[in-house]
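**Q**
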Amino acid sequence: MAKLPLAQLPELLNKLDQYNEEGERRSEITRAALTFALLTWVRTKELRFAKKHEFEDLDGNSPLWRIGPDRMKMHREHIVPLSMQAASLAKEMIACSQSDYVFPGQKRGVPLSENTMIYGLYRLGYHGRQTVHGFRGLASTWANEQLVEVGQPPMWIRKYHEDWVELQLAHSEENEVRGAYNAAEYLAPRRAMLQDWANFLDAMRGKTDNVAILRAA
245 MAKLPLAQLP ELLNKLDQYN EEGERRSEIT RAALTFALLT WVRTKELRFA KKHEFEDLDG
305 NSPLWRIGPD RMKMHREHIV PLSMQAASLA KEMIACSQSD YVFPGQKRGV PLSENTMIYG
365 LYRLGYHGRQ TVHGFRGLAS TWANEQLVEV GQPPMWIRKY HEDWVELQLA HSEENEVRGA
425 YNAAEYLAPR RAMLQDWANF LDAMRGKTDN VAILRAA
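Letter by letter, the sequence shown follows residues 245 to 461 of my numbering.
#1: Of the choices 388, 323, 444 and 299, whose alpha-carbon is the least far from that of residue 345?
#2: Determine the direct distance from the alpha carbon of residue 388 to that of residue 336, and round the result to whole angstroms.
#3: Provide the residue(s) that pair with residue 299 in DSSP beta bridges, ordered along the chain.
#4: Less than 7 Å between the CB of residue 287 and some heavy atom of the ligand ADP, yes or no?
#5: Can residue 373 and residue 248 be called in contact, C-beta distance under 8 Å?
#6: Are the stretch 270-285 and the stretch 361-368 in contact at 8 Å, needing three or more beta carbon pairs?
#7: Go ahead and label residue 435 buried or exposed: buried means 16 or more other beta carbons lie within 10 angstroms of its beta carbon, across all protein chains shown.
#8: Relative to the alpha-carbon of residue 433, which residue among 412, 448, 443 and 281 has its alpha-carbon at the smallest distance?
#9: Roughly how many angstroms lie between the CA atoms of residue 333 and residue 306, to the nearest whole one?
#10: Rounding to the nearest angstrom, what Cα-Cα distance links residue 354 and residue 396 in this structure?
#11: Am I right that residue 341 and residue 349 are in contact with their C-beta atoms under 8 Å? What's the rounded C-beta distance?
#12: For residue 449, I'd like the list of residues in its chain whose CB is within less than 8 Å of its CB, leaving aside the five on either flank, ordered along the chain.
#13: Assuming residue 401 contacts residue 392 (C-beta within less than 8 Å), just tell me the rounded distance between them.
#14: How would you write the range of the beta strand (DSSP E) that residue 315 sits in, first residue to last?
#15: Using DSSP bridges, identify the partner residues of residue 392.
#16: Measuring CA to CA, which of 251, 317 and 285 is closest to residue 441?
#17: For a test of the three-state rule: what should DSSP assign to residue 355, helix, strand or coil?
#18: Name the DSSP beta bridge partners of residue 345, please?
#19: Are residue 375 and residue 250 closer than 8 Å when you measure CB to CB?
#20: Grab the span of the beta strand (DSSP E) containing residue 324 for me, first residue to last.
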């Protein structure tokens, strides 16, 4: 799926923040849906059908989103820990929506249409360059490239374990034996990873002066 180099992400984010289409409310919903997809690494179908009751502790320290197995590619419940930015956006959309859907469609009682988000990217000038599914690739590339220095003599290791990244992407466990015994959700480290990602996106937007976050790219 088409995805930009991380170096071009600031331009996309700033265009997205200024996104406008006919009808102010439609622009807000499209912009929010695209932003939420980028923050959470979920698939389009998983986001479009998000309902209010699936969200927990949005005002607390451990906000999360429970996606039922019927909406998941692997037919297993997917628990998405939310960064502060994602929780705030979910809370805002839930408060504004007059539907059970967090991201409502144009007709009452229906979710966001299948093509709304991808057409939004087209309007921003990213046809053939960036897809909604490609957000997952952007996030995965970022996470897999983050390293930390440890030990004496110093050595570099991954900052985010591959299991955390793959679980956040809701990928299947290719090793059936390992998958059968690895039922851990890794909520705490995944939450920290997504919070780092959300902070990184804010840095790319220029919403923070934290140079260390920018250097992490």
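Beta carbons: idealized from backbone N, C-alpha and C, even for Gly.
**A** Walking through what the data contain:
#1: For the purposes of this step, residue 345 is taken as the residue at position 101 of the sequence shown. Nearest C-alpha to residue 345: 299.
#2: Translated into positions along the sequence shown, residue 336 becomes position 92. Translated into positions along the sequence shown, residue 388 becomes position 144. If you take the alpha carbons of residue 336 and residue 388, they lie about 31 Å apart.
#3: On the sequence shown, position 55 is the one that residue 299 refers to. Note: residue 299 sits in a beta bridge opposite 309.
#4: Although the ligand ADP was asked about, the structure shown includes no ligands whatsoever.
#5: Position 129 of the sequence shown, counting from 1, holds the residue named residue 373. Position 4 of the sequence shown, counting from 1, holds the residue named residue 248. Yes.
#6: yes
#7: Your numbering for residue 435 matches position 191 in the sequence shown. Looking at its Cβ environment, which holds 16 or more other Cβ atoms inside 10 Å, residue 435 is buried.
#8: Residue mapping note: residue 433 aligns to position 189 of the sequence shown, counting from 1. The residue with the shortest Cα to Cα distance from residue 433 is 412.
#9: Looking up residue 333 in the sequence shown gives position 89. Looking up residue 306 in the sequence shown gives position 62. Straight-line Cα distance between these residues: approximately 15 Å.
#10: Within the sequence shown, the letter at position 110 stands for residue 354. Within the sequence shown, the letter at position 152 stands for residue 396. If I take the Cα positions, the gap works out to 58 Å.
#11: Against the sequence shown, residue 341 aligns to sequence position 97. Against the sequence shown, residue 349 aligns to sequence position 105. Not a contact, Cβ separation roughly 11 Å.
#12: If you number the sequence shown from 1, residue 449 lands on position 205. Around residue 449: 254, 257, 258 and 261.
#13: For the purposes of this step, residue 401 is taken as residue 157 along the sequence shown, with counting starting at 1. For the purposes of this step, residue 392 is taken as residue 148 along the sequence shown, with counting starting at 1. So it is a contact: roughly 6 Å between Cβ atoms.
#14: The count along the sequence shown starts at 1 and reaches residue 315 at position 71. Unbroken run through residue 315: none, as it is neither H nor E.
#15: As a working mapping, residue 392 is identified with position 148 in the sequence shown. The partner list for residue 392 (beta bridge, DSSP) reads 401.
#16: Residue 441 sits at position 197 when you count from the first residue of the sequence shown. Of 251, 317 and 285, the residue nearest in Cα terms is 285.
#17: Against the sequence shown, residue 355 aligns to sequence position 111. Residue 355: strand per DSSP, three-state reduction.
#18: The residue you call residue 345 lines up with position 101 of the sequence shown. According to DSSP, residue 345 bridges with 295.
#19: The residue you call residue 375 lines up with position 131 of the sequence shown. The residue you call residue 250 lines up with position 6 of the sequence shown. Not closer than 8 Å, so no.
#20: Numbered from 1 along the sequence shown, position 80 holds the residue referred to as residue 324. Residues 322-325.
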